[in-house]
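Just add 853 to the spot in the sequence shown (first one is 1) and you have this note's numbering.
Every residue gets a Cβ at the ideal spot worked out from N, C-alpha and C, and that includes glycine.
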Amino acid sequence: MTTLALTGTGVYTPAHSISNEELVAVFNEYVRRYNAAHADAIAAGTVAQLLDSSVDFIIKASGIKRRYVMDKAGVLDPAIMCPRIPERPNDQISVLAEMAIASGRDALAAAERKASEIDAVIVSCANPQRAYPAIAIEVQNALGVDGYAFDMNVGCASAAFALQVASDMIAKGDARAILICSPEICSGHLDFRDRDSHFIFGDAAAAMVVEHTAAAKGRNSWEVVSTKLKTKFSNNIRNNFGFLNRTAPEGIGSRDKLFVQEGRKVFKEVIPMVSELILTHLAENAVSADTLRRLWLHQANLNMNELIAHRVLGRTASADEAPIILDEYGNTSSAGSVIAFHKYSTDLAPGDFGLLCAFGAGYSAGSVILRKLAA
Ligand code: COA
């Protein structure tokens, strides 16, 4: 047993939300315009006709009903279909840091900690805004945190990996308390013209405070009983955007510079990987699945979460046991499982066990066994 605790969480939710109906309407308008513009080539068989998207398919395949975004107008303009987020001068806070800070302030308040009591900041997310300086150092500066800060990226599993890193740092005596932020503007790397994936992602940020169990003051504090990480290389979720793109200018703007996935393969390969990780982790810690009061799973796909929960519990999980936020938020990458925890953990009793598991690109997966502390 470790002596670490998760003592506060926070969430930043953007002001704008897009329903499936709105998203499908703009997609189908784009399809209508494209097919009209290429009518001759389509008739000649040299260009493939585009097919409509559908609300029914989105609900059935993913469980997503709507998603929050930083900019709605650009996404819903059929001539743009991309968020428009203006560049900011370097003397202004960057947009990702701003989201991280909003969720971070909430987490600090929940943990009843001042910035002066935090010794490190980790920004751990799948979609960092720039190469450097680290977003985490900008967050550290804006919050007035002494010590040090760094960014890390392990795809959608980033928050769970950061939780292990922060726990290890505190156990080693490097820091008294650490703030982890997972801000995601997933709409920035989503091709809203791709029928297979245009509905998947949303924007949000989530944050956590980790410190010694003995110091925990937050009213919703949880002992971090154990963490376990797993990675396995796969090209089935990939984004080739990066600073080397300019060295091969012929590839700039091509489809692989945004999010691409083989959704079916991801579905089939990630479910066994994640279920096995969780079951092994529970067995290693002598925690029976029957004693788990709640599973806070990565929020990408409802069917996937139901299957993983079934494999872990050996039966169908109730909505209370494996709560879902992806219906409202879409897939918010690294923020998803933490948002689920934030919204659905205060009702549990001291001594209750829960398990947070984040998974995604890499493949990567992180399992965290938590036990509620007395208030
Ligand atoms: N509207 C209507 N039909 C659509 C559609 C859309 N937007 N997109 C695809 N379809 C069609 C396909 O053309 C296909 O038609 P066909 O059967 O005639 O060939 C059919 O629906 C099934 O498509 P498929 O891509 O196999 O759907 P799916 O059931 O696998 O669901 C995902 C797609 C992406 C929702 C699902 O695979 C998934 O969520 N996988 C896991 C992804 C994941 O977790 N990623 C992690 C990212 S961090």
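A heavy atom of the ligand COA is found nearer than 7 Å to the CB of C1009. Non-local C-beta neighbours of T1199 in its own chain, meaning closer than 7 Å and more than five positions away in sequence, comprise N1073, ordered along the chain.
Taken through DSSP and simplified to helix, strand or coil, D1004 comes out as strand. In this structure, I1031 sits near A1019, with a CB-CB distance shorter than 8 Å. A953 is classed as buried because its beta carbon has at least 16 other beta carbons within 10 Å across all chains shown. The beta carbon of V908 sits closer than 7 Å to the beta carbons of N873, E874, V877 from its chain, once the five residues preceding and following it are set aside; these are given in chain order.
Nearest in C-alpha terms to A984, of all of G1207, L859, N1006, L1132, is N1006. Counting only residues of its own chain and dropping the five nearest sequence neighbours on each side, W1149 has a CB closer than 6 Å to the CB of S1190, A1193, F1194, L1209. Put simply, the residues with a CB less than 5 Å from any heavy atom of the ligand COA are S906, S907, F910, A914, S915, C1009, R1048, D1049, G1116, R1117, V1119, F1120, A1153, N1154, G1213, in chain order. With a cut-off of 8 Å on Cβ pairs, the region 1059–1073 is in contact with the region 856–871, counting three or more such pairs.
Boundaries of the alpha helix (DSSP H) harbouring G1116: 1116–1137, taken from the DSSP string. Around the beta carbon of A1228, fewer than 16 other beta carbons lie within 10 angstroms, which makes this residue exposed. Contact between the region 896–911 and the region 922–933 is absent: fewer than 3 CB-CB pairs across the two stretches fall below 8 Å. Counting only unbroken stretches of 4 or more residues, the alpha helix (DSSP H) elements lying wholly within the region 1157–1204 are 1179–1182, 1189–1196, in sequence order. Counted as a single uninterrupted DSSP element, the alpha helix (DSSP H) harbouring G957 occupies residues 948–964. Between A1188 and the set S956, S915, I933, the nearest pair of CA atoms involves S956. The C-beta separation of H1042 from F1112 comes to about 5 Å, placing the pair in contact by the 8 Å criterion.
Its chain contains H1134, S1220 as the residues whose beta carbon lies nearer than 6 Å to that of K1081, once the 5 sequence neighbours on both sides are disregarded; these appear in chain order. The DSSP-derived three-state label of K918 is coil. Separation of the CB atoms of V976 and C1039 is rounded to 15 Å, and the pair is thereby denied contact status at 8 Å. When the Cα atoms are used, I990 and V974 turn out to be separated by approximately 7 Å. Remark: C-beta atoms of I1124 and G916 do not approach each other more closely than 8 Å.
Bounds of the alpha helix (DSSP H) holding A878 are 873–890. DSSP places M1061 in no alpha helix (DSSP H) but in the uninterrupted beta strand (DSSP E) bounded by 1056–1065.
The region 972–1051 contains, as complete beta strand (DSSP E) runs of 3+ residues, the segments 973–977, 1001–1005, 1030–1038 (chain order).
The DSSP-derived three-state label of A968 is helix. A buried status is given to N1158, since no fewer than 16 other beta-carbon atoms sit within 10 Å of its beta-carbon.
Residues R919, Y921 of the same chain have their beta carbon placed closer than 6 Å to that of S870, with the five preceding and five following residues left out of the count. Here G1213 is buried: its Cβ has 16 or more other Cβ atoms, across all protein chains shown, within 10 Å. Cβ atoms of V948 and I933 stay farther apart than 8 Å, at about 18 Å. Per the C-alpha coordinates, the member of K1225, E1129, C935, R1117 positioned closest to G1071 is K1225.
Within the same chain, and ignoring the five residues on either side of F1096 in sequence, the residues whose Cβ sits closer than 8 Å to its Cβ are A984. Bounds of the beta strand (DSSP E) holding G861 are 857–865. I946 and I1023 have their alpha carbons spaced roughly 28 Å apart.
For E882, same chain residues with a beta-carbon under 7 Å away, outside a window of 5 residues either side, are P931 in chain order.
Fewer than three beta-carbon pairs drawn from the region 1160–1177 and the region 1097–1104 are found closer than 8 Å, and the two stretches are therefore not classed as touching.
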